[in-house]
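Data first, discussion second: the structure below is written as structure tokens.
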Amino acid sequence: MARELFNLDGKRALVTGGGRGIGLALAQGLADYGADIVITARTKEQLEKAKQQIESSTGRKVWTFAYDVSQLEGIPDFFQQVVKETGGIDILVNNAGTASRYPSEDYPFEEWRKILTVNLDAVFLMSQAFCRHRKEIGGGGRIINIGSLMCKAARVMNPPYAASKGGILLLTKELAVDWVKYNINVNAIAPGFITTEMTQPLRENEKLNTWVISRTPKGRWGKPEELVGAAVYLASEASSFVTGEIIYVDGGWYAAM
Ligand code: NDP
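Counting from 1, position 51 in the sequence shown corresponds to residue 51 in the numbering used here; the numbering is continuous, with no gaps.
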């Protein structure tokens with residue numbers, strides 16, 4: 001009986017940015033616990049490779065949709081198409097994200113807009129489309145946003161990333177309280193430093209790599225699959241009374257001075 005708490009059989013999860021990195025690990029993890037999966041990103045080859053990996057290891061069904069979430073006006077139609085082709089979505093994981101670094105005083109405004117668009121605007125519009133869909137079929141469902149250590153602290157040269165992830169923190173809480181009436185739980189996972197393509201340049205920079213390892217109490221980088229436990233928890237019955245919460249999966253980062 002207790003194991004049923006984490007069972008995702010019969011659920012369908014849409015993971016944005018599911019072609020690689022954290023999104024792929026979460027899609028794989030949710031499938032391991034029984035969910036069918038819809039993954040979306042821009043790079044078709046990565047989506048196809050991810051689909052084969054997840055289907056062959058879990059036997060779950062995987063749909064792929066190539067979509068650039070920065071095409072904001074298209075998101076409502078995109079979501080409707082996903083619903084039509086798959087039969088509906090129970091769990092939305094807003095994972096797609098991007099970053100780039102320049103000193104704040106020189107940060108190109110165009111780049112600022114690009115990052116806010118993907119990391120925050122698209123998260124809101126995907127969530128809104130999900131909510132309308134769930135409302136239409138009687139409510140219920142889960143949204144899991146992917147935050148960052150930068151939900152509540154800053155690092156130099158990242159102004160739009162900081163603004164977007166700070167925004168994720170309060171957007172998560174706002175939607176959680178607003179959509180309690182539809183029985184949609186909205187939570188977030190804030191990863192520490194995780195080994196993905198996004199953080200490859202940091203690992204290649206000896207000074208930054210040493211800083212990450214020495215600043216993280218666990219003394220190492222996290223692996224994408226170490227975020228799966230939190231995602232399965234937030235997607236499943238185990239977290240039925242949890243909403244508006246941020247789970248830091250950070251190797252102890254915020255526990256330490
Ligand atoms: P990756 O760069 O490895 O993966 C990002 C994913 O998002 C890819 O699948 C990418 O696919 C997709 N994506 C990016 N832009 C778009 C877009 N415009 N439209 C659709 N999909 C897009 O990054 P991570 O796996 O590291 O990051 C995933 C999330 O985790 C992000 O939100 C990031 O901010 C967050 N995070 C990561 C941390 C880390 O240490 N790695 C730490 C804290 C938070 P494609 O390029 O094919 O579109």
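In this text, a Cβ means the ideal position worked out from N, Cα and C, and glycines have one as well.
Whose C-beta lies closer than 6 Å to the C-beta of alanine 35 among residues of the same chain, with five residues either side of it excluded?
A distance below 6 Å between beta-carbons, with the five flanking residues on each side excluded, links alanine 35 to the following residues of its chain, in chain order: Leu8, Lys11, Ala13.
Closer than 7 Å to a non-hydrogen atom of the ligand NDP - does that hold for the CB of isoleucine 146?
Yes, the beta carbon of isoleucine 146 sits closer than 7 Å to at least one heavy atom of the ligand NDP.
Any heavy atom of the ligand NDP within a distance shorter than 7 Å of the CB on proline 191?
yes
Mind checking whether alanine 96 and valine 62 have CB atoms under 8 Å apart?
No. Outside cutoff.
Taking 7 Å as the cut-off, is the C-beta of methionine 198 nearer than that to any heavy atom in the ligand NDP?
yes
Close-in-space but distant-in-sequence residues of the same chain around glycine 23 (CB under 6 Å, 5 per side omitted):
Val15, Gly17, Asn95
Touching by the beta-carbon criterion (3+ pairs, under 8 Å), the segment 161 to 171 and the segment 198 to 217:
no
Relative to the C-alpha of glycine 139, which residue among Phe130, Ala188, Met257, Gly147 is closest?
Phe130
Please give the ranges of any alpha helix (DSSP H) in the segment 152 to 226, keeping only runs that are unbroken, at least 4 residues long and fully inside the region.
Segments of the alpha helix (DSSP H) lying fully in the segment 152 to 226: 159 to 178, 200 to 204, 206 to 215.
Helix, strand or coil for arginine 42? Go by DSSP, reduced to three states.
coil
Secondary structure, beta strand (DSSP E): runs of 3+ residues fully inside the segment 53 to 141:
62 to 66, 91 to 94
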